[in-house]
Each structure stands twice: as C-alpha cells, then as structure tokens.
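For the sequence shown, the residue numbers in full-length UniProt numbering are 1 to 68. Remarks on the structure that follows.
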Amino acid sequence: MNMDSTTFTQWRKSSYSGGDSGQCVEIAQVTALIGLRDSKNPDSGHLALDRATFATLIDHVKAGALDL
C-alpha cells in the first residue's frame, strides 16, 4: 500500500530503539494501518501494514523467525 508519509501524523520511535546498534524504527498509526519507517532516514519511505499483518510481523520478530 502506498501512502504519503504525511498521512501518518504522529511518528514515534520504538522503545527498543537506541544504543549503538544503529537499528531504529518508528511507527505511526491511522485508523486501519500501521506505518513503519527507518528513524534515521524518515524521508526514504515507509511500509504501511494493516493491523493483522503488523501483529504477525511482530510475532515473527519476537520468535526470532526472521534473519535480522
């Protein structure tokens, strides 16, 4: 789904971001979608996921199922 980043009015950095790892993300929410972007490069674009897909992504991350 392609949406302009201004559609997401309030981006917030993950509480797990920080430190020296350089791996930071921000999320934003609108009625039906969750936006996800790189906090160090917010103008490079973002993902827009529906709530179910975002929840599945988080479950996979927590389970260590992704090569991150």
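We put the CB at the ideal spot given by N, CA and C, even for glycine. Predicted model, so just to flag it, every value in this text is computed and none were measured.
Distance CB(residue i)-CB(residue j) smaller than 9 Å
i: L49; j: L57; result: yes
i: S39; j: K13; result: yes
i: A10; j: Q29; result: Per the sequence shown, residue 10 should be read as Gln rather than Ala. In this structure, Q29 lies closer than 9 Å to Q10 by Cβ.
i: L66; j: R51; result: no
Contacting residues, own chain, Cβ-Cβ under 7 Å from residue i (five flanking each side not counted)
i: residue 69; result: Only positions 1 to 68 of the chain appear in this structure, which leaves residue 69 out of reach.
For residue i, the first and last residue of its enclosing beta strand (DSSP E)
i: A28; result: 25-29
i: L36; result: 33-38
Check: residue i C-beta below 8 Å from any heavy atom of the ligand MG
i: S14; result: Looking at this structure, you won't find the ligand MG or any other ligand, since it has none at all.
Endpoints, alpha helix (DSSP H) assigned at residue i
i: D59; result: 51-63
Contacting residues, own chain, Cβ-Cβ under 6 Å from residue i (five flanking each side not counted)
i: F54; result: I34
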